[in-house]
Each structure stands twice: as C-alpha cells, then as structure tokens.
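Residue numbers (my numbering): 11 to 389. From the three backbone atoms N, C-alpha and C, an ideal C-beta is built for every residue, glycine too. Here the structure comes first, spelled out in structure tokens, and everything after it is commentary.
The following block contains the structure:
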C-alpha cells in the first residue's frame, strides 16, 4: 500500500462512517497522511479525526475510534492506533508487500508516477513580471498543478521575452488582466534569459532558477556546469543515466527486474566452478534491505512531494526531492550492486535490486520532466 493508497483508504473509511450515520460531518475532499516522525508510532499518521471533531460535535478521540475500526479492516493495514489527542497511526502489513506495491505502481505509471487528481476541481490563474525567474517558476508551478488534475493559465505583465521559448516557457496572454490574478514574484535572477542560455544552456539555467526557494536568490554560477558529484544537477542526471545503464547491462546478462519481497529471495545455485565468495553470494539472499530502505521510502514519498510542490507553489521542493533520491540511489547502488560481478550469476537478489534501481531512475526522469529539464540516457 502506497501513501496515496492509504490516504484513499482513510477517506473511504470516513465516507463509510458518514453513510452508516456513525459520523455526522461533511466528508473532506482529501485526507492527508504523513510518515510518522522519529519517536512516533507506526509507519504513517493522520490528523483527520481532529479535523472532523468540530463539525461532528464529538471529541476527537471518539471520532478516531469510529474511524479506527473501519480502517483496520482494510487490506494492507496491519494495525491502527490512536495516539495523543486523536491522531490515527497506521502500521502497514509486511513492508515487503508495501514495497512491492510501490515498485509496481512506478512500473505501471512510468513518468506519470506521482501524478493524480487531488486538485481536479481547482482552476488557477498566475500573473508574473517580465522577468526570467518569475516566468520559469510560473511555468513549473503550472506543470505541477496540471499533474495533479488542476487547470489554469499564466499571464505576463508585458510581451514575453522571445528567449523564454528556449527555456520551455509559454505565456497565455500579457498585459494587465481584467481581474486580479495570483502573482508569482520570486527574487529576480539578475540576468536575462538570453544571458543565462548563453552561459548555462536551458537545463542548467532552469535548474538554477528553480532549485532555490522563491524568497532566496538563485545560484546561477558556473558550478551548475561542473561534471562532478558536487553539482546536484549532475548528480541527479547521472543517477538517472546510471539506472538506465543498469537495465541495459542486465539485458546483456539475460535477466530483468523483479520486485521480490525482502528476505524471501530464493537461494540459487552458483555457476559451476564459481569462486567461494560467489557461491556464498548466490547461496542466500544478500542483506540489502537496510541499504534500500531510505531509497524505497523516498520513492514511496514522491507522490506526496509532487502534490505539496503544487499546493505550495514550490518547485524547489521537487528539486530537493530529486537530490535526495539521487543520493540514496548511489548509497544503495554502492552497498548492493544490482548487477553480478565476476563469476557471479544473476540471482533473485539482483533482480530485486534492479527493480529498485529502475524505479529510482523513473522517479528522477519524471521529476526532471516536471521541472522542464531533460534526463539523458547517457552521461
């Protein structure tokens, strides 16, 4: 069960309680679940009972009890606890099954993983200055909102800069709008689109303009072109390219990805004449679950980050998420190589690791696409 699945499950429980007249309150448009903070209970937590307590004219603890029995009966939910003044804390069924569901969702949805319809009833209109950072930010926010089902348009105070097209920016109209629109005014870049394109090119320029929060100055120096791990943009794109290279390497070795549960990888015989080390590696599942956990958690959290980036008009949140995924990918890759080495033969552990690596690559490509940045297959 993914976080989005759990959110829908809780919302379904609220609807059931209302339909059964156990709860008299308006059903919210959405229910937010978050990962439990350090020291908390369970895998995820939700404050919906506190949200409904007032409209239902019941104590939050009573609302939580009403919802608890309904959520606990749903498949994929192992345990539901009530903590504090009325928070619901959820422990999901075996982590392996939850992980496998997340990986299956990434494989099925591809670059659209994390897109949804949570904002399908919203219409937004954004107005921005004739300034490159404002234009790029408005376009990125618009992409994030559309990915969550919203509709909208962007307008500019004056005729757009022709160079914006090379940065992927389009403007629906310009001039003073007849009615006040939501304004997007990040700290100006201090350079024109033409200057940034000449110095950095479109991808690095967009990353530099979007990576910093709107109230901070954008870093637009030559460090964005450094081909090394100190450059976050290079690291993100290189992680994607490496994930794609792993898929090609696995195909050359004759195997593909498979999301098998942790600790359940079947032992496979080593190739005839393999070294003792290779035999030991193939005789039992590799202990890669601990190294994979941060990466799997980030992949599972990706839909929530995209939704938050849309709601808060904050594409910088998506950029930081991609940096975290890339960092976790390399930690996982180095600890648990998805491809066999030497005289090892491909095992179930390798297929499971490859599934995780491929999912990470898909998340990175999808996130870069929403920011209007290319994700090369080769670097």
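Here's a check: name, in chain order, each residue in its chain whose Cβ is nearer than 8 angstroms to the Cβ of residue i, leaving out the five neighbours to either side.
| i | result |
| --- | --- |
| residue 120 | 372 and 376 |
| residue 112 | 12, 306, 309, 310 and 369 |
| residue 50 | 93 and 99 |
| residue 75 | 92 |
| residue 25 | 37 |
| residue 284 | With a pLDDT of 47 at residue 284, under the threshold of 50, the predicted position of this residue should be treated as unreliable, and no value is reported. |
| residue 304 | 338, 341 and 342 |
Only counting the same chain, and skipping five residues up and downstream in sequence, which positions put a Cβ closer than 7 angstroms to that of residue i?
| i | result |
| --- | --- |
| residue 296 | Low confidence applies to residue 296: its pLDDT is 40, below 50, so where it sits in the model is not reliable, and the reading given next is rough at best. If we look at residue 296 and ignore the five residues flanking it on each side, its Cβ neighbours are 346 and 359. |
| residue 66 | 33, 34, 35 and 73 |
| residue 238 | 244 |
| residue 288 | Because residue 288 sits at a pLDDT of 43, beneath the cut-off of 50, its placement in the model cannot be relied upon, and the point is left open. |
Give the straight-line distance between the Cα atoms of residue i and residue j, rounded to the nearest whole angstrom.
| i | j | result |
| --- | --- | --- |
| residue 168 | residue 174 | 13 angstroms |
| residue 55 | residue 262 | 44 angstroms |
| residue 16 | residue 220 | 31 angstroms |
| residue 57 | residue 224 | 29 angstroms |
| residue 27 | residue 161 | 32 angstroms |
| residue 344 | residue 302 | 11 angstroms |
| residue 151 | residue 144 | 10 angstroms |
| residue 362 | residue 172 | 48 angstroms |
| residue 101 | residue 364 | 27 angstroms |
| residue 85 | residue 191 | 44 angstroms |
| residue 46 | residue 52 | 7 angstroms |
| residue 335 | residue 214 | 19 angstroms |
| residue 374 | residue 333 | 9 angstroms |
| residue 80 | residue 30 | 11 angstroms |
| residue 298 | residue 350 | Because residue 298 carries a pLDDT of 44, less than 50, the predicted location of this residue cannot be relied on, and the following value inherits that uncertainty. C-alpha separation (whole angstroms): 14 angstroms. |
| residue 314 | residue 222 | 20 angstroms |
Taking Cβ positions, are residue i and residue j nearer each other than 8 angstroms?
| i | j | result |
| --- | --- | --- |
| residue 187 | residue 137 | yes |
| residue 323 | residue 194 | yes |
| residue 256 | residue 367 | yes |
| residue 390 | residue 339 | The structure shown does not extend to residue 390, since the chain is modelled only from 11 through 389, so no value can be given for it. |
| residue 206 | residue 116 | no |
| residue 251 | residue 388 | yes |
| residue 201 | residue 235 | no |
Can you give me the start and stop residues for the beta strand (DSSP E) that residue i sits inside?
| i | result |
| --- | --- |
| residue 132 | Counting along the chain, residue 132 falls outside any beta strand (DSSP E), and DSSP gives it neither H nor E. |
| residue 401 | The question about residue 401 has no answer here: the residues shown for the chain are numbered 11 through 389. |
| residue 366 | Premise fails: residue 366 lies in the alpha helix (DSSP H), 358–380, not in any beta strand (DSSP E). |
| residue 236 | Taken as a continuous stretch (DSSP letters only), residue 236 belongs to no beta strand (DSSP E), as it is neither H nor E. |
| residue 193 | 192–194 |
Which first and last residues belong to the alpha helix (DSSP H) in which residue i is found?
| i | result |
| --- | --- |
| residue 76 | 70–82 |
| residue 142 | 142–157 |
| residue 248 | 242–263 |
Between the Cα of residue i and the Cα atoms of the options, which residue gives the shortest distance?
| i | options | result |
| --- | --- | --- |
| residue 180 | 190, 189 and 163 | 163 |
| residue 39 | 200, 20, 53 and 374 | 20 |
| residue 68 | 95, 81 and 47 | 95 |
| residue 129 | 140, 43, 114 and 155 | 155 |
| residue 184 | 327, 334 and 139 | 139 |
| residue 232 | 251, 210 and 249 | 210 |
| residue 62 | 52, 48 and 77 | 77 |
| residue 166 | 147, 176 and 327 | 147 |
| residue 300 | 109, 196 and 229 | 109 |
| residue 325 | 59, 216 and 265 | 216 |
| residue 44 | 176, 234, 330 and 312 | 312 |
What residues in its chain sit with their C-beta under 6 angstroms from that of residue i, if we drop five residues either side in the sequence?
| i | result |
| --- | --- |
| residue 316 | 124 |
| residue 126 | 158 |
| residue 178 | 382 |
Determine, for residue i, whether the minimum Cβ-Cβ distance to residues of chain B falls below 8 angstroms.
| i | result |
| --- | --- |
| residue 373 | Of the protein chains in this structure there is only one, and it is not chain B. |
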